[in-house]
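Each remark here refers to the structure printed beneath this line.
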Amino acid sequence: MRAISTVVDVTVFLLFVSAAVATLTAAPDSHPEPVVVDDQAALLASSTANVEYSLRASNRTAHGTVASLLARGAVANATIDGRRLSAGHADYLEEVSDATRQTLGPPDRTQVLVRWEPYRGAPVSGTVTVGADPPPGRDVTVATISVPGPPTPGQGRESPTREGFDGVAGIAARATADALLPGGYATLPSGRVSPASVASFARMRTLAEATGTAIDRPLARGTLSTARERVIAGLAARYERDMRDRFETPANATDALSTGSVRITVRRWES
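In my numbering, the protein residues as written are 842 to 1112.
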């Protein structure tokens, strides 16, 4: 399989999207122009959608660009070592997938891959896939966009590289907590807080179990901040071990940080 990779700058695209005009003709075109994968990626970044879904018996609505809705879904769908952090997001993911297909048209030759990870290859990551894999032997054209994800804590501070692997791992761990734990980025929009809080606490407990962190006592006492900090410390220790195994230097680990963005890849092939 041959792949042609093109990176779409979403910010630049949005400056020029107003100049694009679609012209429809009444007569059918016997030789339609091929779909350009860059255009499809740009559509995800510029097209908006309302997504109605259910989370733990609570009806909700989310609004945003299709790309941003996909990004939020990837974070909410996070796993650690392949173990899902929380359940209950299936309806949201299904509705966002439908919105993606409606935006891009027939999905028979298009696949969208969405991935969030605190740093490249991290044990915690979230993904969404819309569409089937291309058939073997087909030429595949690829376009990739990066959309805002969970904010990175400490942005603008002195480089964590000076603090060694421990400093880099701490940044990644706190970003993970800000993304996934109660009150974080993955709390899906709604007028009711309770179902989202249940999902966030489920993620906290799963992360605590996966990192060998005890949080039952602080949660029983109602000290959420203490439980949260314990999970962050457990994640930081786990990340530090992983980084030392996979990166030669703290600078390499810093370069791999991707906490503040979600990567969306559009793959297109011809019949």
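From the three backbone atoms N, C-alpha and C, an ideal C-beta is built for every residue, glycine too. As the structure is a prediction and not an experimental result, all values here were calculated from the model.
For this session: Give a yes or no on whether the C-beta atoms belonging to Asp922 and Pro959 are separated by under 9 Å.
Result: no
Problem set entry | Residue from Ile1056, Val988, Thr1052 and Val877 with nearest C-alpha to Ser1102 | Val988
Exercise. Which partner residues of Pro989 appear in the DSSP bridge assignment?
Worked result: Ser1102
Exercise. Which parts of the region 934-967 are runs of the beta strand (DSSP E), unbroken and 3 residues or longer, counting only runs that do not cross its ends?
Worked result: 951-957
For this session: Tell me His930's beta-bridge partners as DSSP assigns them.
Result: Bridge partners of His930: none, in fact.
Problem set entry | Beta carbon of Leu1022 nearer than 9 Å to that of Leu1048 | yes
Exercise. From this set, Ala931, Glu936, Val877 and Leu926, which residue's C-alpha is nearest His904's C-alpha?
Worked result: Glu936
Problem set entry | Nearest-angstrom Cα separation, counted from Arg1062 out to Ala883 | 49 Å
Exercise. With a CB to CB cut of under 8 Å and the five nearest residues on each side skipped, what residues in its chain are close to Leu885?
Worked result: Thr906, Val907, Ala908, Leu911, Thr941, Thr944, Leu945, Val953, Ile986, Ile1105 and Val1107
Problem set entry | Counterpart residues of Gly923 in DSSP-defined beta bridges | According to DSSP, which records beta bridges pairwise, Gly923 is partnered with nothing at all.
Exercise. Could you give the residue range of the alpha helix (DSSP H) that holds Thr1067?
Worked result: Leu1065 to Arg1087
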